[in-house]
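For reference, the structure is listed below as structure tokens.
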Amino acid sequence: MKHELIMYGAGGHSYAIVELIRCQSHYVLKEIYDDTPKVSSLLGVPVHATPKQFATPNALCIAIGDNATRKDMALRFHEASFPAFVHPSVTQYPSVIIGNGTVVLPLVVLDAGVEIGDFCILNNHATISHQVKIENFVHVAIQAAIAGGVSIGEGAFIGAGSVILPELKIGKWAVVGAGAVVTKDVPDYAVVVGNPAKIIKFNETNEG
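All residue numbers for the sequence shown refer to my numbering, where the first residue is 118 and numbers rise by one.
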């Protein structure tokens, strides 16, 4: 028997999540809510504006790409249950740990001993090597490659096609630009780009 699921968020990222949910057998997506919806239906699923008195559903999926906003919503609806969703094409070892509310999209590789926190996004073709630890609300974009023993702090964004060399530490709410090659630790809130990656600025504290 499938359980009913509500999804929050009707932007671009939500299209991928609707299809991801449809790939599993435990939940059926009933409807989608968004504070400012631009469509009335998304891939056949009804979309509604979030009412002022919105009762927390039993099971909820937050389909929001922005890490800080996703954290805000997780705190707002903290009483709900948040199942993780993993595409059937994902390669993962039995030792992998995946947190609540995390989504793992097609063809991701999760190596031995990987630990993924809550409400993370692991996007298409990302490779997460052995013993990597990823904290809550992280987004790893398409085709990023994270080598063994790396740790990634809460809310960090790892850009498309970037490479992080072994045993490095990426600070909380840091940003690794698309295509960057990270050869040394990245401080909290830093934005790094290039090969080798260099700091170009520090973001203001924005932790949701």
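Ideal Cβ placement from N, Cα and C applies to all residues, glycine included.
With respect to the beta strand (DSSP E) encompassing residue 188, which residues constitute its N-terminal and C-terminal limits?
-> Here the question's residue 188 lines up with position 71 in the sequence shown. From DSSP, residue 188 is part of no beta strand (DSSP E) but of the alpha helix (DSSP H) over 184-193.
Taking contact to mean at least 3 C-beta pairs separated by less than 8 Å, is the region 269-279 in contact with the region 248-256?
-> yes
Member of 215, 154, 159 and 209 whose CA lies at the smallest distance from the CA of residue 146 = Mapped onto the sequence shown, residue 146 falls at position 29. Ranking 215, 154, 159 and 209 by Cα distance to residue 146 puts 159 first.
Look at the alpha carbon of residue 260 and the alpha carbon of residue 306, and state the distance between them as a whole number of angstroms.
-> Start at 1 with the first residue of the sequence shown, and residue 260 comes out as number 143. Start at 1 with the first residue of the sequence shown, and residue 306 comes out as number 189. Taking the straight line joining both Cα atoms gives about 22 Å.
Residue 140 classed as buried or exposed, judged by whether at least 16 other C-beta atoms fall within 10 angstroms = Counted from its first residue, the sequence shown places residue 140 at position 23. That one is exposed.
Per-residue burial, residue 317 [other beta carbons within 10 Å of its own, 16 or more giving buried] = Locating residue 317 in the sequence shown gives position 200, where the first residue counts as 1. It is exposed - the Cβ of residue 317 has fewer than 16 other Cβ atoms within 10 Å.
Alpha carbon to alpha carbon, what distance is there between residue 157 and residue 299?
-> On the sequence shown, residue 299 is found 182 positions in, with the first residue counted as 1. On the sequence shown, residue 157 is found 40 positions in, with the first residue counted as 1. For residue 299 and residue 157, the distance between alpha carbons rounds to 42 Å.
Within the region 166-248, ranges of the alpha helix (DSSP H) (whole runs, at least 4 residues) = 184-193
Taking all protein chains shown into account, decide if residue 129 is buried (16 or more other Cβ within 10 angstroms of its Cβ) or exposed.
-> Taking the sequence shown and counting its residues from 1, one reaches residue 129 at position 12. Residue 129 is exposed by the Cβ-count criterion.
Compare the Cα-Cα distances from residue 184 to each of 224, 218 and 225 and report the closest residue.
-> Taking the sequence shown and counting its residues from 1, the one referred to as residue 184 is at position 67. For residue 184, the nearest C-alpha among the options comes from 218.
Given a threshold of 16 other Cβ atoms within 10 Å of its Cβ, counted over all protein chains shown, does residue 123 qualify as buried or as exposed?
-> Translated into positions along the sequence shown, residue 123 becomes position 6. Counting Cβ neighbours within 10 Å, residue 123 comes out buried, since at least 16 surround it.
Rounded C-beta distance between residue 267 and residue 238? I'm assuming under 8 Å.
-> Residue numbering aside, residue 267 sits at position 150 when the sequence shown is read from its first letter. Residue numbering aside, residue 238 sits at position 121 when the sequence shown is read from its first letter. The Cβ separation is near 17 Å, so there is no contact.
Locate the alpha helix (DSSP H) running through residue 143, then write down its first and last residues.
-> Residue 143 sits at position 26 when you count from the first residue of the sequence shown. Taken as a continuous stretch (DSSP letters only), residue 143 belongs to no alpha helix (DSSP H), as it is neither H nor E.
Cβ atoms of residue 221 and residue 207: under 7 Å apart, would you say?
-> Translated into positions along the sequence shown, residue 207 becomes position 90. Translated into positions along the sequence shown, residue 221 becomes position 104. A contact, by the Cβ cut-off of 7 Å.
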